[in-house]
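Note that the protein sequences, when read in sequence, are chains A and B. Under the working numbering, think of the first position of the first sequence as 2, with each following residue one higher. Under the working numbering, think of the first position of the second sequence as 9, with each following residue one higher.
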Amino acid sequence: MPLAPVDTTAIVLTLKLASVTTVLLLLIATPLAWWLTHTHARLRAAVTALVSLPLVLPPTVLGFYLLVLLGPQGAVGQWMQQFGMSTLPFTFGGLLVGSVIFSLPFAVQPIANAFAAIGTRPLEVAATLRASPWDRFASVAVPLARPGFITAAVLTFAHTVGEFGVVLMLGGNIPGETRVLSVAIYDHVEALEYADAHLLSAGLVAFSFLVLLMLGRYGGHWQRTAT
Amino acid sequence: MSLIEGRFRARLGEFSLDADFSLPSHGVTALFGQSGSGKTTLLRLIAGLSRAPGRLVVDGEIWQDDSVFVPPHRRALGYVFQEASLFPHLSVRANLEYGWQRVPPGERTIQWDEVIEWLGLAPLIAHRPHQLSGGQRQRVAIGRALLSCPRLLLMDEPLAALDAGARADILPYLDRLHRSLAIPLLYVSHAAEEVARLADHLLCLEAGRIVWQGKAADGLARLGIAPAHRARVLAHEAGLTVLDIAGQTLRLPGVHAAPGDSVRLRIEAAD
Numbered sequence: 002m003p004l005a006p007v008d009t010t011a012i013v014l015t016l017k018l019a020s021v022t023t024v025l026l027l028l029i030a031t032p033l034a035w036w037l038t039h040t041h042a043r044l045r046a047a048v049t050a051l052v053s054l055p056l057v058l059p060p061t062v063l064g065f066y067l068l069v070l071l072g073p074q075g076a077v078g079q080w081m082q083q084f085g086m087s088t089l090p091f092t093f094g095g096l097l098v099g100s101v102i103f104s105l106p107f108a109v110q111p112i113a114n115a116f117a118a119i120g121t122r123p124l125e126v127a128a129t130l131r132a133s134p135w136d137r138f139a140s141v142a143v144p145l146a147r148p149g150f151i152t153a154a155v156l157t158f159a160h161t162v163g164e165f166g167v168v169l170m171l172g173g174n175i176p177g178e179t180r181v182l183s184v185a186i187y188d189h190v191e192a193l194e195y196a197d198a199h200l201l202s203a204g205l206v207a208f209s210f211l212v213l214l215m216l217g218r219y220g221g222h223w224q225r226t227a228t
Numbered sequence: 009m010s011l012i013e014g015r016f017r018a019r020l021g022e023f024s025l026d027a028d029f030s031l032p033s034h035g036v037t038a039l040f041g042q043s044g045s046g047k048t049t050l051l052r053l054i055a056g057l058s059r060a061p062g063r064l065v066v067d068g069e070i071w072q073d074d075s076v077f078v079p080p081h082r083r084a085l086g087y088v089f090q091e092a093s094l095f096p097h098l099s100v101r102a103n104l105e106y107g108w109q110r111v112p113p114g115e116r117t118i119q120w121d122e123v124i125e126w127l128g129l130a131p132l133i134a135h136r137p138h139q140l141s142g143g144q145r146q147r148v149a150i151g152r153a154l155l156s157c158p159r160l161l162l163m164d165e166p167l168a169a170l171d172a173g174a175r176a177d178i179l180p181y182l183d184r185l186h187r188s189l190a191i192p193l194l195y196v197s198h199a200a201e202e203v204a205r206l207a208d209h210l211l212c213l214e215a216g217r218i219v220w221q222g223k224a225a226d227g228l229a230r231l232g233i234a235p236a237h238r239a240r241v242l243a244h245e246a247g248l249t250v251l252d253i254a255g256q257t258l259r260l261p262g263v264h265a266a267p268g269d270s271v272r273l274r275i276e277a278a279d
């Protein structure tokens, strides 16, 4: 059975959302993870808890507050309107903001764990070999933390593909703009189109399984061969 | 004239360090003391890896005083840690090149080929760090530190993490460095036999205080350790090496040095 064009659109949109979220989140999570690993600031515990919040909150709560905050009456929404920007809810940009926040712990924790596992010694060695702090970060910390980056990227991507609650609260169901795969499946089930729902759901199961398989194979590969 | 002068006062919990020292501009100075006497702490302060109030002048250049603190990556020093700490994501060659590439070619004071030869690194260069033995790894770490063209080389018990066999393998290389190297070496050790074999000068540290500094031979005698004699290699005959010690000749097996080289011998009072 071939895919309906609306479903293909939903798949493409989902992959686009997951890819952009992953890239953005690696850029945000790396400095955050570095700071969490190396700071002695009192703020550290509070920031750690804040970053982990999306792990325990129902996605609907997260989506609800983002909707309020980003909406025309919300603080961020009003601020954006002052600068002539349109508000984010019910747009792809809004989904992106929601996805980044929703997957934040999935990116920060593996990278922070990898940084912590390196310890201070390799960085001290690099310092005595005349590498500046930025140089040490790029030439020692990042390559040694590679498994953490792979895990973070894969988890973020997969987690974004599977998100539903935040999307529904914040993005609604606009084909080609915010109607992602999980929402499309929900629609099919509501309309009792079980065959279509099966096709997309089975595809998602297979995809998720492959991702976890890859994670096991490549994510941990380097750690085993290193001494 | 002394090249390196320093003074540090540090308080770390129960432990307090109060060290006033000067090192000569050449040769090996051993920083000797029991574990817990503050040897590593002092070495880290000299490297700038730890920070405490004090003053440090190397070769006329202020590395630290009340208003100056030069960060470790701007200090021309080499540091060999107790564990080789090679970068596991880099090959042996890339490990050796790490510091070398960060010194502008015009400022390189050491020859790449010379370091490779002194430490016998040529057969190891294509390997990955995890393929090397402990002794080989430590030789690469020493080479890596030397190739960063330091004006002062610091070694923190580089043999302590090795077994007796690996230690015996690496000592001749250290002897050789001692003969060839033009920069001062500060060598932390709590092993009297290493100190007796390698050191020209001695800094004795006890509970965070320098209790003695001076010529190694004098210091060793004070500690009741047989000092090393300087001997010159005359020739190799029938598997034995003929040595000249102050006019006396002595034949010994297994001395790795060319005729004309000077080596050190320790003769126990009981022998």
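Virtual Cβ for every residue (Gly too), placed ideally from N, Cα, C.
Contact of A132 (chain A) with chain B by beta-carbon distance below 9 angstroms involves H81, Y106, G107 and R110. Taking a C-beta distance under 8 angstroms as the contact criterion, T49 (chain A) and L37 (chain A) qualify as a contact pair. Rounded to whole angstroms, the gap between the alpha carbons of G247 (chain B) and R175 (chain B) is 23 angstroms. In the DSSP assignment, M86 (chain A) falls outside any beta strand (DSSP E), carrying neither H nor E. The Cβ-Cβ distance between A55 (chain B) and P80 (chain B) falls below 8 angstroms. Restricting attention to alpha helix (DSSP H) runs no shorter than 4 residues, the region 120-186 of chain A encloses them at 122-129, 134-137, 147-162 and 166-172, ordered along the chain. For the set B:V263, B:P158, B:A169 and B:H264, the Cα lying nearest the Cα of Y87 (chain B) is the one of B:P158. At least one CB of chain B lies nearer than 8 angstroms to the CB of V141 (chain A).
Taking 9 angstroms as the Cβ-Cβ cut-off, the region 58-87 of chain B approaches chain A at P79, P80, H81, R82, R83, A84, L85, G86 and Y87, given in chain order. For the region 93-123 of chain A, the beta-carbon criterion of a distance under 8 angstroms to any beta-carbon of chain B is satisfied by R122 and P123. Taken through DSSP and simplified to helix, strand or coil, D73 (chain B) comes out as coil. For R272 (chain B), the beta-bridge partners assigned by DSSP are B:R238. Within its own chain, the residues whose Cβ lies closer than 7 angstroms to the Cβ of L127 (chain B), once the five positions on either side in sequence are excluded, are R147, I150, G151 and Y181, listed in chain order.
Spanning the alpha carbons of A168 (chain B) and S183 (chain A) requires a straight line of approximately 59 angstroms. Rounded to the nearest angstrom, the gap between the Cα atoms of G173 (chain B) and Q144 (chain B) is 12 angstroms. In this structure A207 (chain B) touches A38 (chain B) by the C-beta definition: roughly 4 angstroms separates them, less than 8 angstroms. Taking A190 (chain B) as reference, the option from B:S30, B:L160 and B:Q221 with the minimal CA-CA separation is B:L160.
If you check each beta-carbon in the region 173-202 of chain A against every beta-carbon of chain B, none falls closer than 9 angstroms.
Segment contact: the region 194-208 of chain B against the region 38-48 of chain B, three or more CB-CB distances shorter than 8 angstroms; contact assigned. The beta-carbon distance between R180 (chain A) and A11 (chain A), rounded to whole angstroms, is 5 angstroms. This is short enough to meet the 8 angstroms contact definition.
Per DSSP, R217 (chain B) lies in no alpha helix (DSSP H); the unbroken beta strand (DSSP E) holding it starts and ends at R217 to K223. Between the C-alpha atoms of V13 (chain A) and V111 (chain B) there is a straight-line separation of about 50 angstroms. As DSSP reads the structure, I178 (chain B) sits in no beta bridge.
Its Cα nearest to that of G177 (chain A), the residue A:T92 stands out among A:V69, A:T92 and A:L67. When the beta-carbon positions are compared, H209 (chain B) and L31 (chain B) come within less than 8 angstroms of each other.
By the 16-neighbour rule on beta-carbons within 10 angstroms, H186 (chain B) is buried.
Using a 10 angstroms sphere on the CB of H160 (chain A), the tally of other CB atoms reaches 16 or more, which defines it as buried.
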